[in-house]
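Worksheet for the structure shown next.
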Amino acid sequence: MKLCLPRIEISLSKIQENARILCEFYGSKGISLMGVSKAVLGEPAIARAMIAGGVKFIADSRIENIQRMRRADIPAQLVLLRTAPSQAEAVVESADISLNTELKTLETLSFHAKAQGKIHRVIIMVELGDLREGVLPCDLVAFVRQTLMLSHIQVTGIGCNLACYGGVKPNKRNMRLLSELVNIVQNELGIALAVVSGGNSASYEWANSGQTIGEINNLRIGESILLGCETVSRQAILGLHTNTFQLIAEVIESKQKASLPHGEICQDAFGDIPKFKDRGIRERAIVALGRQDVLTAGLKSERRLEILGSSSDHIILDSENYPLKIGDEVNFGLDYGGLLSAMTSPFVSKEFVEDEPRQIVRTNPTPTGAELN
Ligand SMILES: *Cc1c(COP(=O)(O)O)cnc(C)c1O
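Sequential numbering from 26 applies to the sequence shown in the working numbering.
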């Protein structure tokens, strides 16, 4: 079968195995996982691989991705990570649970839940220092009390998010504060919170450090499952696959050229003034992949192949130590930004590969579920 270029090759068995190992590790500490699918646009086959690995929920920040998974009959609770009031009707329709921080949005959700004859479940996010979403701790009890007055909303849990905007690390102090807040809310309001969702892939070190876990019983994990690393220092997690995704592009030019451009230097295509080192005449290759396809800074090339630069549609490689000819395929690893951008590009085809022997399974827009059985 002829494969498209550029393409991203996805190993579902590696994703499943990463999910399984993480579910076992966190499960041994009483922590369930939500598999976060936003970097893969809610791709149903990947959600199924996460579920086969043991995650209990699939979470995504985009309602379009949640709707896609709902249409594909994904057999897990679907959680929306970011709730906008203008989407409230669709949220109630497609998501089982949503994360919230604003009363006005909760009122709108309750209104639509009533209209649809549903009770919509919510997790209230609390701000613990990272300064992205969250109700301030001092306002939390009053906020939950007001939420409890909404007729068609059920408060399922409390959560927090760290290490995203402010780069604040989950640690003993902020995690203990979250547990204390949970206890205060439960005691003052006489409710039981089923889910205490303490963080994301940045929580690994905290969970692995032997700290008391307190009331935390859930994490929302994307990057660790997809790319096999934690996100405080981007270390690989022992035993996990870090090569679940490969981006593959085609060589369209291969020539010896000077390493120093000649002529008067002005701005490049993106308004930067480039600098070069003179290394004499070198073997250079161009691949048909560019910034319209992928965040090129998020690409990892094989050590002997150096990425020199990129424009919208071309990546220039120093191939002096890695001979390439026209039509050859070049493999790149991806970091989170690279993965997110490549999965979002309409120019990059998405292919599922099975590892041994190498077999290609085509993307099925409406998966039947058969591919995992
Ligand atoms: C994206 C996101 C996550 C997952 O983050 P990872 O670093 O990929 O584990 C968790 N929670 C929220 C609210 C998010 O937006």
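Built from N, CA and C at the ideal position, the CB exists for glycine as well. What you are looking at is a predicted structure, and each value in this text was computed from that prediction instead of being measured.
For residue 289, the first and last residue of its enclosing alpha helix (DSSP H):
No alpha helix (DSSP H) contains residue 289, which DSSP labels as neither H nor E.
For residue 144, count neighbouring C-beta atoms within 10 Å of its own C-beta (all shown protein chains included) and say buried if the count is 16 or more, exposed if not.
exposed
Evaluate contact between the region 273–285 and the region 227–247, counting only Cβ atoms and requiring at least three cross-stretch pairs below 8 Å.
no
Let me check one thing: in DSSP terms, what residues is residue 151 bridge-paired to?
160
Between residue 103 and ligand 1, is the CB less than 8 Å from at least one heavy atom?
The answer is no for residue 103.
Using a Cβ-Cβ cutoff of less than 8 Å, which residues in the same chain neighbour residue 43 once the five nearest sequence positions on both sides are dropped?
78, 249, 250, 251, 253, 265, 266 and 269
Whole angstroms are fine: how far does the CA of residue 227 sit from the CA of residue 187?
Each residue's Cα considered, the two are about 8 Å apart.
Please look up how many angstroms separate the CB atoms of residue 284 and residue 305, rounded, as I've assumed it's under 8 Å.
6 Å
If you check the beta carbons only, do residue 262 and residue 220 fall under 9 Å apart?
With contacts defined by Cβ atoms closer than 9 Å, residue 262 and residue 220 do not form a contacting pair.
Pairs of beta-carbons, one from the region 109–121 and one from the region 132–147, closer than 8 Å: are there three or more?
yes
For residue 33, which of 379, 367 and 343 has the nearest alpha-carbon?
367
Regarding residue 361 and ligand 1, is the C-beta to nearest heavy atom distance less than 8 Å?
yes
For ligand 1, any of its heavy atoms closer than 8 Å to the Cβ of residue 264?
no
In the DSSP assignment, the alpha helix (DSSP H) including residue 68 goes from what residue to what residue?
Neither: residue 68 is in no alpha helix (DSSP H) and is coded neither H nor E.
Please classify residue 300: does DSSP put it in a helix, a strand, or coil?
coil
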